[in-house]
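Numbering (the working numbering), first residue to last: 23 to 181. Where a beta carbon is used, it is the ideal one built from N, C-alpha and C, also for glycine.
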Amino acid sequence: QARLIDWEAQKPHKVNVKPQGNSMTQKYYTERLLPVYIKAIQEARDREPGPWVLQEDGDPSHGIRKEGLARQLKDLHSIVSFKHPAQRPDLNPIEAIWNIIKQRLRRRIFYSDEEVKEALQEEWSKVTIEEVRKRILDMPERCLRLTKNGGKPIKTALW
Numbered sequence: 023q024a025r026l027i028d029w030e031a032q033k034p035h036k037v038n039v040k041p042q043g044n045s046m047t048q049k050y051y052t053e054r055l056l057p058v059y060i061k062a063i064q065e066a067r068d069r070e071p072g073p074w075v076l077q078e079d080g081d082p083s084h085g086i087r088k089e090g091l092a093r094q095l096k097d098l099h100s101i102v103s104f105k106h107p108a109q110r111p112d113l114n115p116i117e118a119i120w121n122i123i124k125q126r127l128r129r130r131i132f133y134s135d136e137e138v139k140e141a142l143q144e145e146w147s148k149v150t151i152e153e154v155r156k157r158i159l160d161m162p163e164r165c166l167r168l169t170k171n172g173g174k175p176i177k178t179a180l181w
């Protein structure tokens, strides 16, 4: 019995390698996401000329801080990125939209992942452009508050 236990202990064990964090590569970003943003900005420029700026957080895959695939593609299409700090959900309007959805779903009970997915899609489709614009228009006030409070997190009724 002891020899069998020793033998089992010496056999190679299956190792599951889990990727660290929730990181995205520049390759994935430039192949899957950035082309969608570039197309949207080009369409916006066609409708209304003017300075169009792409707002992204400070994730390294976005190529904001250093040269790389993303930066090259943005330069090629004259895309200007708004410098935005990473890990600042209180300065990202999409987080305010997620809060709308969370409030609408907070009392619901789900029995499967599929139910959650369907509910999220349903509530996402109910978010109005007025709700989105209201949060975007709140940005100058949020930035002012951020400056006044020394960079501490900001919480308001809209967010």
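Subject >> Whole alpha helix (DSSP H) elements within the stretch 79-160, 4-residue minimum >> reply: 91-98, 115-127, 135-148, 151-159
Subject >> Cβ distance (whole Å) where Leu127 is taken to contact Glu145 below 8 Å >> reply: 6 Å
Original post:
Given that a residue counts as buried once 16 or more other Cβ atoms are within 10 Å of its Cβ, and exposed if not, what is Gln48?
Top reply: buried
Subject >> Local conformation of Gln23 per DSSP, three classes >> reply: coil
Original post:
Is DSSP giving Leu76 helix, strand or coil here?
Top reply: strand
Original post:
If you draw a straight line from the C-alpha of Leu76 to the C-alpha of Arg130, how long is it?
Top reply: 35 Å
Original post:
Three-state secondary structure (DSSP) at Glu53?
Top reply: helix
Original post:
So which of Pro57, Arg164, Glu89, Ser103 has the shortest CA-CA distance to Glu78?
Top reply: Ser103
Subject >> Alpha-carbon to alpha-carbon, Tyr133 and Asp97 >> reply: 47 Å
**OP:** If I'm right that Ile119 touches Arg157 with Cβ under 8 Å, what's the distance once you round it to whole angstroms?
**Re:** 7 Å
Subject >> At least three beta-carbon pairs within less than 8 Å, the stretch 25-33 to the stretch 58-78 >> reply: no
**OP:** Report all residues from its chain with a CB closer than 6 Å to the CB of Leu91; omit the five preceding and five following residues, and keep chain order.
**Re:** Gln48, Thr52
Subject >> Counted within 10 angstroms of its Cβ, other Cβ atoms place Ser83 as buried (16 or more) or exposed >> reply: buried
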